[in-house]
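Asks: After the structure tokens below, expect a handful of questions from me.
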Amino acid sequence: MTNQEWIKKFHAQQSRDCFDTVSFDVELTVWKPAVEALKPLFERFEFLTAVDQISAGISLVLCLQDREGCHVLLRTQCVAGTPVESLTPIFSGAAWHEREVSEMFGVEFEGGSPAKLLLNQDSPINPMLKSFLLASREDQR
Numbered sequence: 001m002t003n004q005e006w007i008k009k010f011h012a013q014q015s016r017d018c019f020d021t022v023s024f025d026v027e028l029t030v031w032k033p034a035v036e037a038l039k040p041l042f043e044r045f046e047f048l049t050a051v052d053q054i055s056a057g058i059s060l061v062l063c064l065q066d067r068e069g070c071h072v073l074l075r076t077q078c079v080a081g082t083p084v085e086s087l088t089p090i091f092s093g094a095a096w097h098e099r100e101v102s103e104m105f106g107v108e109f110e111g112g113s114p115a116k117l118l119l120n121q122d123s124p125i126n127p128m129l130k131s132f133l134l135a136s137r138e139d140q141r
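Numbers 1 to 141, taken from full-length UniProt numbering, label the letters of the sequence shown in order.
Below is the structure:
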């Protein structure tokens, strides 16, 4: 699918909420091409985050903004440990967000920095995964 075809499909399937935010779900295989297609329209990278959906895997959520202040949320599903294409070639500001998502959720970004931001470099844990047992919860058992 070309970028123009994807943009046409995007406009056909978009849904707007009361805050003028467009939300769109894409397959992981078109995650990076979708962001590339949106960049000319939404030039500002707002944030990249993740949500552990447990059985459904991890949702990656990207927020971009256009010059008029309208936002687009682009979502995809992945599994911890499955490589995801880095968005840093498109938005250099994605690097910090990818490092945080990688560290906290175990999502591996191909081409991204492996350095951790908050935890020790050799720390094997991903504390934002719902399967991660917090010390405070262990005391209650």
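Glycine is no exception: its CB is placed at the ideal position from the N, C-alpha and C atoms. Everything numeric in this text was worked out from a predicted model, so none of it was measured.
Given a cut-off of 8 Å, decide if Ala80 and Thr88 are closer than it, judged by their beta-carbon atoms.
Replies: For Thr88 and Ala80, no; Cβs fall outside 8 Å.
Asks: Using only alpha-carbon positions, find the residue among Arg67, Ala37, Val26, Asp52 that is nearest to Glu46.
Replies: When each option's Cα is compared against that of Glu46, the closest is Arg67.
Asks: Please classify Asn120: is it buried, with 16 or more other beta-carbons within 10 angstroms of its beta-carbon, or exposed?
Replies: Result: exposed.
Asks: Tell me Arg44's beta-bridge partners as DSSP assigns them.
Replies: Its beta-bridge partners are Gln65.
Asks: Short check: CB of Leu38 to CB of Leu74, under 8 Å?
Replies: Taking 8 Å as the Cβ cut-off, Leu38 and Leu74 qualify as a contacting pair.
Asks: Going by DSSP, what residue range makes up the alpha helix (DSSP H) through Phe105?
Replies: 94 to 105 is the span of the alpha helix (DSSP H), which, as asked, contains Phe105.
Asks: Can you tell me whether Ser86 is buried or exposed? The criterion is at least 16 other CB atoms within 10 Å of its CB, across all chains shown.
Replies: Buried, by the Cβ-count rule.
Asks: Output needed for Glu110: all residues of its chain with C-beta closer than 8 Å, excluding positions within five of it in sequence on either side, in chain order.
Replies: Excluding residues within five positions, the ones whose Cβ falls inside 8 Å are Pro83, Val84, Glu85, Ser86.
Asks: Exposed or buried, Ile58, counting other C-beta atoms within 10 Å across all chains shown (16 or more means buried)?
Replies: Ile58 comes out buried.
Asks: Straight-line CA distance for Leu64 to Ile125?
Replies: Cα to Cα, Leu64 sits roughly 29 Å from Ile125.
Asks: Are Ala50 and Gln77 closer than 8 Å when you measure CB to CB?
Replies: Contact flag unset, no.
Asks: Rounded to whole angstroms, what is the Cα-Cα separation between Ser131 and Arg99?
Replies: Cα-Cα distance, rounded: 20 Å.
Asks: Could you pull the DSSP bridge partners for Asp122 from this structure?
Replies: Per DSSP, none; premise fails for Asp122.
Asks: Can you tell me where the beta strand (DSSP E) holding Val84 begins and where it ends?
Replies: Per DSSP, Val84 belongs to the beta strand (DSSP E) from 83 to 85.
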